[in-house]
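Visitor: In the numbering used here, the protein residues as written are 1 to 272. By construction, the Cβ of each residue, glycine as well, lies at the ideal position given by its N, Cα and C atoms.
1) For residue 269, which of helix, strand or coil comes out of DSSP?
2) Evaluate the contact criterion for the stretch 179-194 versus the stretch 148-165: three or more CB pairs, one atom per stretch, below 8 Å.
3) Between which two residues does the beta strand (DSSP E) containing residue 200 stretch?
4) Could you give the C-beta distance for residue 235 and residue 169, rounded to a whole number, given that I count them as a contact under 8 Å?
5) Considering only C-alpha positions, which residue in the set 227, 243, 245 and 271 is nearest to residue 263?
6) In the DSSP assignment, what residue or residues form a beta bridge with residue 258?
7) What residues match up with residue 160 in a beta bridge as DSSP calls it?
8) Is residue 216 closer than 8 Å to residue 176 when the C-beta atoms are compared?
9) Any chance the stretch 54-70 sits against the stretch 89-107, with 3 or more Cβ pairs inside 8 Å?
10) Leaving aside the five residues before and after residue 256 along the sequence, list all residues of the same chain whose C-beta is less than 6 Å from its C-beta, in chain order.
11) Closest to residue 135 by C-alpha separation, out of 37, 244, 118 and 29, would be which residue?
12) Mapping the DSSP letters down to three states, classify residue 295 as helix, strand or coil.
13) Judging by CA-CA distance, which residue of 231, 50, 97 and 52 is the nearest neighbour of residue 60?
14) How would you write the range of the beta strand (DSSP E) that residue 62 sits in, first residue to last?
15) Does residue 36 come out as helix, strand or coil in the three-state DSSP assignment?
16) According to the Cβ coordinates, are residue 276 and residue 197 closer than 8 Å?
17) Where does residue 161 land, buried or exposed, given buried means 16+ other C-beta within 10 angstroms?
18) In or out: residue 39 buried (at least 16 other Cβ within 10 Å) or exposed?
19) Apart from the five residues on each side of it in sequence, which residues of its chain come closer than 6 Å, Cβ to Cβ, to residue 178?
20) Return the chain-ordered list of same chain residues with a C-beta closer than 8 Å to the C-beta of residue 158, the five sequence neighbours on each side being excluded.
21) Grouping DSSP H, G and I as helix and E and B as strand, with all else coil, what is residue 23?
22) Look at the alpha carbon of residue 109 and the alpha carbon of residue 99, and state the distance between them as a whole number of angstroms.
23) Could you check how far apart the C-beta atoms of residue 31 and residue 163 are, in whole angstroms? I think they sit under 8 Å.
24) When you compare only the Cα positions, how much space is there between residue 127 and residue 269?
25) May I ask you to report which of helix, strand or coil DSSP gives residue 191?
26) Between residue 62 and the rest of its own chain, which residues show a CB-CB distance below 6 Å, the 5 nearest in sequence each way excluded?
27) Which two residues bound the contiguous beta strand (DSSP E) that contains residue 45?
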């Protein structure tokens, strides 16, 4: 059984990094239940690492902010520096929302906005003669619902703590793409002196820019276990897209399967 779980985890991590990563794969899934409650989380998957801060502002209003650094191939040629607006691959989002429920059950509704960018060396785009590099910048508007249960059990001087629930997220994404294609060609030139064809190799570099959009719907399950101060989190999920924008044959999106691991710090209890 343990071997099967390990294999499933590895497969999820691998599939979560199949394509270029230009939108967050993990949802912000705090479970805030009271004013003044604040949590900090750090998480990672195959593509990125980041963190989230969540805080109960009033009796029913919460605020969240999260950011991620994307691990990507950005070894595009130095000659292309002037063609790109060079930025570090990352994304950031903020949200305000409503929280309700009870001590053992929480539900949060978030309305937010996020931005980000990515640079990627796509290698061979179509065949052995065409390679390329592209950069994407995006802005997204999202609506998210989190719901889950909290369990606490005191044992001796320690409090065991568990959370589990689901998160549903809809997002509208608008993106700007800059793509550079480098195509290797050759031509035959008749040589009157030798009576043979000479072959000349040359490279054609082209630049493409476009704006487009797509919609996504994501579902996540999260499980947290630990103490009332620190919990370990696993969060598998998947996303569906109404369309998959591409540059040549390369998708700008992840495969749709996500698997995040992380730590949740309850600052209220940690700083006591």
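Guide: Straight from the coordinates:
1) helix
2) no
3) 196-227
4) Not a contact, Cβ separation roughly 12 Å.
5) 227
6) 237
7) 153 and 227
8) no
9) yes
10) 238 and 239
11) 118
12) Here the chain covers residues 1 to 272 and nothing more, so residue 295 does not appear.
13) 97
14) 61-70
15) coil
16) No answer is possible for residue 276: it lies beyond the span of the chain, which begins at 1 and ends at 272.
17) buried
18) buried
19) 135 and 209
20) 227
21) For residue 23, the predicted model reports a pLDDT of 46, less than 50, meaning its position is unreliable and no value from the coordinates is stated.
22) 6 Å
23) 6 Å
24) Unreliable placement is indicated for residue 127, whose pLDDT of 49 sits below 50; the coordinate value is still reported in the next sentence. For residue 127 and residue 269, the distance between alpha carbons rounds to 57 Å.
25) strand
26) 32, 56, 97 and 99
27) Premise fails: residue 45 is in no beta strand (DSSP E) and is neither H nor E.
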